[in-house]
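Residue numbers for the sequence shown follow our numbering, so the first one is 120 and each next one is one higher. No residue lacks a Cβ here, since even glycine has one placed at the ideal position from N, Cα and C. All of these numbers come straight from a predicted model, not from anything done at the bench.
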Amino acid sequence: METENKDEKPKNLAVAEDGLTPQEKPAVTDNDATHSNAAAKLMKDPANGANKAGFNGRLAFAIAAAALGSAFQHGYNTGVVNAPQKLIEEWISEVQHDRTGEVPSQANVTFIFSLAVSLFCVGGMLGGCITGLVADKFGRKGGLLINNVLVFAAAILMGAAKAAGSYEMLILGRFLIGINSGLNAGLAPMYLAEIAPVHLRGAVGTVYQLVITISILLSQLFGLGSILGTPSMWPLLLSLTLLPAVFQLATLPICPESPKFTLLNSGKELEAQRGLTWLRGTIEVHDEMEEMRSEYEASKLVPKVTMKELFVNSALRSPLIICVMVMIAQQLSGINAVMFFSTKIFKMAQLTDDHAQLATLAMGTMNVIMTVISLFLVEKAGRKTLLLVGFSGMCIDTILLAICLKYASEALWISYFSIVLVIFFVIMFATGPGSIPWFLVSELFNQSARPAATSLAVCVNWTANFIVGIGFLPLQELMGGNVFFVFAFLLALFVLFVLKKVPETKNKTMEEISSMFRQQSYQ
């Protein structure tokens, strides 16, 4: 059949495959949703064996190849500089002393270290901004592969910085790995959302955040003084970021490009069908191909979505506001503040330094465990429910934590209760707010708008991350533990926003979600 029809239009191919004549089927137009709704029902029908058997070894392989090589960079390089901070600052001081012959001030050393830390976020902002351009020009898979060039450059710079006696190399390496992580934060969730079956899209999208939490935990573990957190080994600790890039370069080329990109962006239907067949492990992919053809036909009737159109088109503006707000909510939720205060809280509970370090690792482990649980919950409870539960729980938690920090010195049991609150906060964050924002943008936009929307949403996320990193310490010095009341107020606003504005996308096709926003724009 493929050989006979390969030169025909996608619409005619669909007819040949399901045995209906053109007279028996409605034509596909932008305003006629009958055809796409029928395909959507087929996609969601539990009796459809191909759909429900969507998860298989090949899909798992593609998920691992895409997520491990990308999310690992994001998470590992977020946390890797925390443990060896004192060692790196001592080295910076030595380098400056060797250059000038004078002992530098601690403020100067701290500024240089802070610059290396913050430029990771600046690079992330830049990477997020160019995500759409890279995704359209090179594809989702192609963009991820090319992005590894930055990892090799960054790993060499950071790993060789000490031997070369140049903290400038460390700063540049952090900036480059930031650009890589910003691109990964857009490209990987986009690829994962597009290769996943509808009924597994949320679970597959959660994998990105899961790998982030695992890699942060590994960075904390490897940074221990008994492993790589030593004066001679910290350059190796930083350059370990090279390993996931090697893994991705060895595995991702085996996997197909996103079938949606192949059909909707490149117009290669047979190649898209082969890719989808590979990912599903079955030739029974007609229903999914039918839905993609409907989207392809509809996309030909509308011009390519630009960044300007995201703001002026009401059908696109609504999902854009939702995506941007959820990204901001993730970063302004107070997760960084809780992580910062955790060490202080552990010490208030009279834990030794070693025990406090173990408690931090236990907190990271809990984050991983709860993200694994949310991977299953997201397809049962839904996205909106998990966001509401997560943000509401965090709101109540931060109020109690602010009160406990105020009275912790009066009774030891309050300090122990504070530890419980810290762990509960991490659980609530991992339930939904930690993972859902990354893939929600891919669910709310169709193929033509997705790259531009992803660019903007990821850039906003990294910008909010940067603002929290710069502004939190001065705010904390000014307000102390009362800073959590600020986060509680913000979380209350985020709960109201999710309740009123965020739609449930569980088990909905891209066309159904787009139709929902089109209807809202006409009201």
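Give the DSSP-derived three-state secondary structure of residue i in the structure shown.
{"i": "C240", "result": "helix"}
{"i": "M352", "result": "coil"}
{"i": "L420", "result": "coil"}
{"i": "T628", "result": "coil"}
{"i": "L289", "result": "helix"}
{"i": "A521", "result": "helix"}
{"i": "P556", "result": "helix"}
{"i": "F257", "result": "helix"}
{"i": "A199", "result": "A small correction: the amino acid at residue 199 is Val; Ala does not occupy that position in the sequence shown. Coil, per DSSP."}
{"i": "E123", "result": "For E123, the predicted model reports a pLDDT of 39, less than 50, meaning its position is unreliable and no value from the coordinates is stated."}
{"i": "E407", "result": "helix"}
{"i": "E213", "result": "helix"}
{"i": "G588", "result": "helix"}
{"i": "Q638", "result": "helix"}
{"i": "E221", "result": "coil"}
{"i": "I346", "result": "coil"}
{"i": "S111", "result": "The structure shown has nothing for residue 111, since the chain only spans 120 to 642."}
{"i": "N432", "result": "coil"}
{"i": "A135", "result": "Caution is warranted here: a pLDDT of 40 is assigned to A135, below 50, making its placement in the model unreliable, and no coordinate value can be reported."}
{"i": "A315", "result": "coil"}
{"i": "A568", "result": "coil"}
{"i": "F548", "result": "helix"}
{"i": "N227", "result": "helix"}
{"i": "T332", "result": "helix"}
Please work out which residues of its chain come closer than 6 Å, Cβ to Cβ, to residue i, disregarding the five sequence neighbours upstream and downstream, and give them in chain order.
{"i": "A172", "result": "Residue placement at A172 cannot be trusted, given a pLDDT of 48 that sits under 50; what the coordinates show is reported in the next sentence. Taken in chain order, the list of residues that qualify is empty."}
{"i": "L291", "result": "L276"}
{"i": "L206", "result": "P350, W353"}
{"i": "A280", "result": "M288, L289"}
{"i": "F603", "result": "T517, L520, A521"}
{"i": "P363", "result": "L187, G188, F191"}
{"i": "V560", "result": "C442, A572, T573, A576"}
{"i": "L524", "result": "G600"}
{"i": "G509", "result": "M547, T550, G551, P552"}
{"i": "N175", "result": "G400"}
Can you name, in chain order, every residue of its own chain whose Cβ lies under 8 Å from the Cβ of residue i, other than the five neighbours on each side?
{"i": "F616", "result": "M444, A448"}
{"i": "L368", "result": "G188, L264, N267"}
{"i": "H216", "result": "V222, P223"}
Might you give, ordered along the chain, the residues of its own chain that have their beta carbon closer than 7 Å to the beta carbon of residue i, omitting 5 neighbours on each side?
{"i": "V577", "result": "G247, T250, G301, A304, G305"}
{"i": "V199", "result": "S338, G342, L356, L357"}
{"i": "Q450", "result": "N580, A583, N584, V587"}
{"i": "L470", "result": "A478"}
{"i": "V541", "result": "V457, S461, I464, M482"}
{"i": "F430", "result": "R436"}
{"i": "K379", "result": "E313, M411, Q566"}
Distance, Cα to Cα, residue i vs residue j?
{"i": "V644", "j": "T628", "result": "There is simply no residue 644 to check, as the chain begins at 120 and stops at 642 in what is shown."}
{"i": "T624", "j": "I555", "result": "11 Å"}
{"i": "I440", "j": "S212", "result": "45 Å"}
{"i": "G168", "j": "L319", "result": "Annotation note: pLDDT 39 at G168 (below 50); position unreliable, no value reported."}
{"i": "A184", "j": "R259", "result": "13 Å"}
{"i": "L610", "j": "P593", "result": "20 Å"}
{"i": "N432", "j": "F465", "result": "50 Å"}
{"i": "L336", "j": "I538", "result": "18 Å"}
{"i": "N266", "j": "L347", "result": "27 Å"}
{"i": "Y526", "j": "V330", "result": "37 Å"}
{"i": "S285", "j": "A273", "result": "14 Å"}
{"i": "I402", "j": "F544", "result": "45 Å"}
{"i": "S345", "j": "T490", "result": "28 Å"}
{"i": "N299", "j": "E529", "result": "47 Å"}
{"i": "P422", "j": "H405", "result": "27 Å"}
{"i": "L395", "j": "M411", "result": "11 Å"}
{"i": "G386", "j": "F636", "result": "26 Å"}
{"i": "L132", "j": "H193", "result": "In this prediction, L132 scores a pLDDT of 40, lower than 50, which makes its location untrustworthy; the coordinate-derived value is nonetheless stated afterwards. So the alpha carbons of these two residues sit roughly 42 Å apart."}
{"i": "G324", "j": "K256", "result": "23 Å"}
{"i": "S413", "j": "E376", "result": "20 Å"}
{"i": "M408", "j": "F558", "result": "22 Å"}
{"i": "T425", "j": "R569", "result": "10 Å"}
{"i": "V686", "j": "Y195", "result": "Only positions 120 to 642 of the chain appear in this structure, which leaves residue 686 out of reach."}
{"i": "S334", "j": "V365", "result": "16 Å"}
{"i": "A391", "j": "G501", "result": "29 Å"}
{"i": "A434", "j": "Q638", "result": "8 Å"}
{"i": "G220", "j": "W210", "result": "15 Å"}
{"i": "A607", "j": "I454", "result": "12 Å"}
{"i": "G590", "j": "M598", "result": "12 Å"}
Is residue i close to chain D, meaning its C-beta is less than 7 Å from at least one C-beta of that chain?
{"i": "M547", "result": "Protein chains in the displayed structure number just one, and chain D is not present."}
Between residue i and the ligand COA, is there a pair consisting of the residue's CB and a ligand heavy atom that are separated by less than 6 Å?
{"i": "Q450", "result": "For the ligand COA, the structure offers nothing, since it holds no ligand at all."}
| Can you give, in chain order, each stretch of the beta strand (DSSP E) that sits fully within the region 434–513 and has at least 3 residues? | none
| Mind pulling the alpha helix (DSSP H) runs of 4 or more residues that sit fully within the region 348–404? | 353–358, 361–370, 388–399
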